[in-house]
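Counted from 1, the sequence shown has number 113 at position 113 by UniProt numbering; the numbering is strictly sequential. Here's the structure we're looking at; comments come further down.
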Amino acid sequence: MRITEIGAGTIGVSWTVLLAAAGHDVVVTDPRPDLAEVVDAGVRRFGSADLLERVACEPDLARAVAGADVVQEQGPERLEVKQDIWATAAAHAPAGALLLSSTSGILPTDVAARLDDDAAARLLVAHPFNPPHVLPLVELVAGERTTRDNVTRAAEFLRSVGKDPVEIHKEVYGFVGNRLQSALFREAVSLVRDGVVSPAELDRVVTGALGPRWATGGPFLSFHLGGGDGGLRHLLEHLGPGMARRWADLGDPTLDPDTVEAISTATEDAYGPSREALTSARDRAETSVLAARSQMEES
C-alpha cells in the first residue's frame, strides 16, 4: 500500500517508521523547508536507516496524496487548519482512499464539515498515543457521515500494521484515553499543588502500583479481580462508600500561571531539563512492558 503522512512532527515520523517497517511505501508531506532532513533523522532515531528506502518526502500536499491508499493527518491541533488540510487532501487523493486524522480531541464530524458526502464517508479519527511505533492503541472515532464499511476498513488496516484499534462509540471531546489521562492528571496537579506529594513521589505511586496493575488489566478488570469471588459488585458493595467519599474530596485545580510555574519547576527539579535520554529509556521500558503483556495473553 501507499500511505501519505501529513505532518513531519514526532507523531508523523513515528507513524512513518511503523508503516515502513510493516512493508508499506510512505510519502511524508509538510511545508517545512527542512522536511527531508527531519524525516531522515527521525526515521534513523525511531527505526533504522534501511527503512528510508520505503520513505519519500513531498512538500506539496496535493502531489503527496496522489495515488495514496491511506491518507493520515497529523496537522496542528486547530480545527480550521485541519479543515484546510482535508479540503486539499480529499480533493486530490484517489476516490477510494481512507482518510484518517490523528487529532487528539477534535471531533471527526467537525473535521469533515467542509467535505462532500463521499469524502466525509471515508474520514474518521484514528488517534494514536505517543509514540505510535511503540504504543499499540489507536482510538477509532467515526463522524456523523462516516460509513460503517470505512470504520471496518480502518480497523483492519490498523490491525495489519500491529495496532490495537478500539472503536469509540460516541463523539466526545478528547475521546477516552485523553479524558482518563486528564482526570488522573487533574488530581495529580491538585495533590502536588497542595503539598501532599512531590511530582517524583507521585510518579512512583503510579509506576509502582497503578501503572503495572492497569497495564495488565485496566481499572474495571482490576477492581473485578479485587472483589474476589463476588467480583466488581462485591468490591463496590464494601468499598463503594469510601470511593464516593474520595470522589467528593477530589481537587479541582486551575492551570493558572502560578500553578503551571509551580508544577513545572518541581518537575524540572526532579528530572532535569534534558528529555532525550529519558524519552529513550521510556520507549525501551514501554516496549518491554508490552512484550511481557503479550506473553501473558498468549499463555
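C-beta atoms are modelled at their ideal positions from N, C-alpha and C, and glycine is treated no differently.
Beta-carbon proximity list for residue i, same chain, < 8 angstroms, skipping 5 on both sides
i, result
"A22", "S160, V161, G162"
"T194", "Sequence inspection shows Asp at residue 194; the Thr mentioned does not correspond to that position. Result list for D194: G251, in chain order."
Anticipated Cβ contact below 8 angstroms, residue i with residue j, distance rounded
i, j, result
"V125", "V141", "4 angstroms"
"V43", "L35", "No, V43 and L35 are not in contact; Cβ-Cβ is about 12 angstroms, not under 8 angstroms."
"L239", "F220", "The Cβ separation is near 14 angstroms, so there is no contact."
"A49", "R32", "Not a contact, Cβ separation roughly 21 angstroms."
"H234", "G228", "6 angstroms"
Closest by C-alpha distance to residue i, when choosing among the options
i, options, result
"T16", "R145, R32, Q72", "Q72"
"G211", "L255, R193, L184, L225", "L184"
"R78", "H92, H238, S101, R233", "S101"
"H24", "V138, S274, F157, G227", "F157"
"V134", "T10, T147, F223, F220", "T10"
"D149", "L290, E171, V138, D118", "D118"
"Q181", "E167, H169, V206", "V206"
"K170", "T146, D164, V189", "T146"
"R293", "A209, R213, L19", "R213"
"V13", "R2, A41, M1", "A41"
"S190", "T279, V260, A281", "V260"
Three-state secondary structure assigned by DSSP to residue i
i, result
"V26", "strand"
"Q74", "coil"
"D164", "strand"
"I3", "strand"
"S264", "helix"
"L61", "helix"
"E237", "helix"
"A126", "strand"
"A112", "coil"
"E144", "coil"
"L184", "helix"
"S104", "coil"
"E171", "coil"
"V43", "helix"
"V197", "coil"
"V138", "strand"
"V38", "helix"
"V176", "coil"
"A56", "strand"
"L255", "coil"
"L250", "coil"
Residues near residue i by beta carbon distance below 6 angstroms, same chain, minus five either side
i, result
"L250", "E187"
"T4", "V27, A64, V65, A68, V71"
"A112", "A120, L123, G143"
"T29", "I6, E58, L61, A64"
"E167", "L140"
"P136", "K163, D164"
Close beta carbons around residue i, own chain, < 7 angstroms, minus the five adjacent residues each side
i, result
"D110", "L79"
Touching by the beta-carbon criterion (3+ pairs, under 8 angstroms), the region 77 to 85 and the region 47 to 56: no
Meets three-Cβ-pair contact criterion under 8 angstroms: the region 165 to 177 and the region 90 to 105: yes
Three or more C-beta pairs below 8 angstroms linking the region 253 to 268 and the region 198 to 205: yes
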